[in-house]
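Going left to right, the sequence shown walks through residues 615 to 757 as my numbering numbers them. Backbone N, C-alpha and C fix where the C-beta goes; we use that ideal spot for every residue, glycine too. Report on the following structure.
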Amino acid sequence: MSKLSFEESCRMVEKSLEGLKVEPARCRGDRPGRWTIVISGAEVWIDIITSSQDAHTHYLQVMSPLFKLPEHNQQAIALDLLDFGYSMYGTSVCKRENWFFSLHLREVEGLDQGEVDKAIDRVAYYSNDIYSKFKFKYPNEIP
């Protein structure tokens with residue numbers, strides 16, 4: 615399996631964005647390899663990350679913020695998120711600092727266009743699904 619270059623990986627992401635009928639240039643971030651798009655209300659961040667150990671190894675990261683860790687019912691919400699995560703395909707729920715996210719992270723080695731498309735679709739879908747279900751179940755904790 616050949617390693618994809620940073621540029622090849624970026625072209626795959628931009629092709630996925632074009633498939634969503636979005637102009638990639640409008641989604642580009644402050645540095646090469648970063649994009650932000652809103653899909654059905656979910657903000658989705660897409661990054662091609664270069665390994666700190668090997669400049670020729672890159673990762674595709676697609677993530678979407680779900681909600682900030684609330685002051686109350688933290689344990690119940692965290693356990694419910696873990697339960698929800700069991701039913702997710704190719705995506706996980708994670709916590710970083712005081713936020714929960716829907717996340718897809720993998721090496722770009724062996725990556726194909728369909729996988730990029732699915733990663734973006736799944737993260738956006740799960741972000742919307744989780745937020746709406748948790749907002750309904752925990753209306754006083756989830757803004």
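task = May I have the straight-line CA-CA distance separating Leu-680 from Tyr-752, to the nearest angstrom?
result = By 1-based counting over the sequence shown, the position of residue 680 is 66. By 1-based counting over the sequence shown, the position of residue 752 is 138. Distance between the alpha carbons of Leu-680 and Tyr-752: 13 Å.
request  = Decide if Ser-619 is buried, meaning its Cβ has at least 16 other Cβ atoms within 10 Å, or exposed.
outcome  = Taking the first residue of the sequence shown as 1, we reach residue 619 at position 5. When all chains shown are included, Ser-619 counts as exposed.
task = Return the CA-CA distance between Glu-628 and Leu-674, expressed in angstroms with no decimal places.
result = Within the sequence shown, residue 628 is the residue found at index 14, counting from 1. Within the sequence shown, residue 674 is the residue found at index 60, counting from 1. Computed Cα separation, rounded: 13 Å.
Integer Cβ distance of Ile-734 from Ile-663, believed to fall under 8 Å = Here residue 734 refers to the residue found at position 120 when the sequence shown is read from its first residue. Here residue 663 refers to the residue found at position 49 when the sequence shown is read from its first residue. Not a contact, Cβ separation roughly 16 Å.
key: Touch test, the stretch 693-706 against the stretch 642-659, Cβ-Cβ under 8 Å, three pairs minimum   = no
message = Give me, in chain order, the residues of the same chain whose beta-carbon lies closer than 8 Å to that of Val-658; leave out the 5 immediate sequence neighbours on both sides.
response = Here residue 658 corresponds to residue number 44 of the sequence shown, with the count starting at 1. Contacts found: Thr-650, Ile-651, Val-652, Val-676, Met-677, Ser-678, Ile-734, Val-737, Ala-738 and Ser-741.
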